[in-house]
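Asker: Sharing a structure below in structure tokens format, with a few things to ask.
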Amino acid sequence: MADGLTLESVRESLIRQEDTIVFSLIERSKYPMNSPVYVKGFADIPRFTGSLVEYVVRKTEAVHSTVGRYESQEEHPFFPDNLLPSLLPPYYHPKVLHPAGDAININTTIWDMYFNQLLPLFATEGDDGNYAQTAACDLECLQALSRRIHYGKYVAEVKFKESPDGYGTLIRAQDRDALMKLLTCEAIEEMVKRRVEKKAMAFGQEVTLNNTDKEVKYKVDPFVVSRLYVEWVMPLTKLGIANTPLQDRGAVGDSDLGSDSMKLQTRNQLSKDVNELIFGVDMMDTE
1 MADGLTLESV RESLIRQEDT IVFSLIERSK YPMNSPVYVK GFADIPRFTG SLVEYVVRKT
61 EAVHSTVGRY ESQEEHPFFP DNLLPSLLPP YYHPKVLHPA GDAININTTI WDMYFNQLLP
121 LFATEGDDGN YAQTAACDLE CLQALSRRIH YGKYVAEVKF KESPDGYGTL IRAQDRDALM
181 KLLTCEAIEE MVKRRVEKKA MAFGQEVTLN NTDKEVKYKV DPFVVSRLYV EWVMPLTKLG
241 IANTPLQDRG AVGDSDLGSD SMKLQTRNQL SKDVNELIFG VDMMDTE
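In case it helps, full-length UniProt numbering puts the sequence shown at residues 1 to 287.
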């Protein structure tokens, strides 16, 4: 994350991360469910009783930690207790997030969502024996989803810095219900749903030279991708923002906002601004 963090840079990153998520799902769809990958003790691994996919994730994160991956605030390990010290010379990673916000890690929820709810929606039944490849694809999906969902913490930070008087007063009270209401805008969420669905259509369409084939086939059902965002990515992003602790930043109180009508206008504008940002949407874009 660069020092020059702006609303536009965050929005652009969110849109690019949509591409990564769609492509990772397409890669995973090449393999069937391959259920043994998720059975504890299936692989005869010394001193390890978990599943093969857990082993792959743990070992990969451990190796990546030795080259400094998790020194960046953008990265969130699924098994933080398994990380090793970096072997590289220290590199300055700007500390954009508040320390308490940086500590928020909901990867346990993301892990459960991916394996128990999302994966069965697009992985076909069957077993082709490609267990290592399957686990590697699962890892790519997990990392892409984790990065995107946790990026909501950057949204909270940049919006607070851009508008401390308005946004800060809503954080100060730490009213989670009010914050979740602020972060919910059906019009913007519908635009995100349509956008990721179109990306799944564009990236995952089966190409054929048979002009008589009228049925378009997709590697991953576009509806599954839109459902992923509606049911999990967007709600979990908002949850991460609502739980980002910014109350000690000297935010102003409601009395500083003036009249009741001014407070309402401020909240309405904040709701629009924050939703456009957290989902990478410009309301001027109607496509």
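A virtual CB, placed ideally from N, CA and C, is assigned to each residue, including glycine.
(1) Taking just the CA atoms, how far does V224 sit from P120?
(2) Is it right to say I45 is buried, meaning 16 or more other beta carbons lie within 10 angstroms of its own, or is it exposed?
(3) Is it the case that the region 68 to 88 contacts the region 115 to 129, given that we only count it when at least three CB pairs across the two stretches are under 8 angstroms?
(4) Return the bridge partner residues of residue 306 from the DSSP annotation.
(5) Taking the alpha carbon of N107 as the point to measure from, which residue in C137, F79, D127 has its own alpha carbon closest?
(6) With DSSP collapsed to three states, give me the class of T184.
(7) So, using beta-carbon positions, are residue 289 and S72 closer together than 8 angstroms?
(8) Looking only at its chain, what residues have a beta carbon closer than 7 angstroms to the beta carbon of Y131, apart from the 5 residues adjacent to it on each side?
(9) Specify whether the region 147 to 163 and the region 6 to 13 touch according to this definition: at least 3 beta carbon pairs, one from each stretch, less than 8 angstroms apart.
(10) Taking DSSP as the reference, what is the three-state secondary structure of residue 365?
(11) Beta-carbon within less than 7 angstroms of L264's beta-carbon, same chain only, minus the 5 sequence neighbours each way: which residues are those?
(12) Can you tell which of F23, L145, G126, K30 has the C-alpha that lies nearest to the C-alpha of P235?
(13) In this structure, how does DSSP classify L142 when only helix, strand and coil are distinguished?
(14) Where does L239 fall in DSSP's three states?
(15) Cutting at 7 angstroms between CB atoms, please list the residues of its own chain near F203, excluding the five before and the five after it.
(16) Quick check: the Cα distance between R249 and D177, rounded to an integer number of angstroms?
(17) Looking only at its own chain, which residues have a Cβ that is under 7 angstroms from the Cβ of K40, when we skip the five neighbours before and after it?
(18) Spatial neighbours of M201 within its chain, please: CB distance less than 7 angstroms, with the 5 preceding and 5 following residues excluded, ordered by chain position.
(19) Would you tell me roughly how many angstroms separate the C-alpha atoms of T110 and P90, rounded to the nearest one?
(20) Report yes if the CB atom of S29 is closer than 8 angstroms to the CB atom of V220, and no otherwise.
(21) Can you name the start and end residues of the alpha helix (DSSP H) that G101 belongs to?
(22) Does DSSP classify D256 as helix, strand or coil?
(23) Return the CA-CA distance between E18 and E140, expressed in angstroms with no decimal places.
(24) So, helix, strand or coil for Q73, using DSSP?
(25) Contact check, I149 vs V230 under 8 angstroms by CB: the rounded distance?
(26) Check whether the Cβ atoms of A242 and M191 lie closer than 8 angstroms to each other.
(27) Closest to L5 by CA distance: which of E125, V158, N116 is it?
(28) In terms of residue numbering, what span does the alpha helix (DSSP H) encompassing V10 cover?
Answerer: From the atom records:
(1) Each residue's alpha carbon lies about 10 angstroms from the other.
(2) Answer is exposed; the Cβ neighbour count stays below 16.
(3) Counting C-beta pairs closer than 8 angstroms gives fewer than three between the region 115 to 129 and the region 68 to 88, which falls short of the contact rule.
(4) Any question about residue 306 goes unanswered here, given that the chain covers just 1 to 287.
(5) With distances taken between Cα atoms, N107 lies closest to F79.
(6) Looking at T184 - three-state DSSP - the assignment turns out to be coil, as it is neither helix nor strand.
(7) Residue 289 lies beyond the range of the chain shown here (1 to 287); nothing can be said about it.
(8) Taken in chain order, the residues that qualify are N34, P36, V37, L52.
(9) In short, these stretches touch, since the Cβ pair count reaches three.
(10) For residue 365 there is no data in the structure shown, the boundaries of the chain being 1 and 287.
(11) Here the model assigns L264 a pLDDT of 39, short of 50, so the residue's position is not dependable, and the following value carries that caveat. Taken in chain order, the list of residues that qualify is empty.
(12) Selected option, being the one with the closest Cα: L145.
(13) Helix.
(14) Correct three-state label for L239: helix.
(15) Taking F203 as the centre and dropping the five residues before and after it, the same chain places the C-beta of V22, F23, I26 closer than 7 angstroms to its C-beta, in chain order.
(16) Low confidence applies here, because R249 scores a pLDDT of 46, under 50, leaving its location unreliable; read the following figure in that light. Counting only the Cα atoms, D177 lies some 21 angstroms from R249.
(17) The residues T49, G50, S51, in chain order, have a CB closer than 7 angstroms to that of K40 in the same chain once the five nearest residues on each side in sequence are set aside.
(18) Correct list, in chain order: Y218, P222.
(19) Note that residue 110 is Ile in the sequence shown, not Thr. Straight-line Cα distance between these residues: approximately 30 angstroms.
(20) A contact, by the Cβ cut-off of 8 angstroms.
(21) Here the alpha helix (DSSP H) through G101 covers 99 to 102.
(22) Confidence in D256 is poor, its pLDDT being 35 and thus under 50, which makes the residue's placement too unreliable to answer from.
(23) Those two C-alpha atoms are separated by around 13 angstroms.
(24) In this structure, Q73 counts as coil in the three-state DSSP scheme.
(25) That belief does not hold up - the Cβ atoms of I149 and V230 are roughly 14 angstroms apart, past 8 angstroms.
(26) Not a contact, by the Cβ cut-off of 8 angstroms.
(27) The shortest Cα separation from L5 among E125, V158, N116 belongs to V158.
(28) Under the DSSP assignment, V10 falls in the alpha helix (DSSP H) whose first and last residues are 7 to 28.
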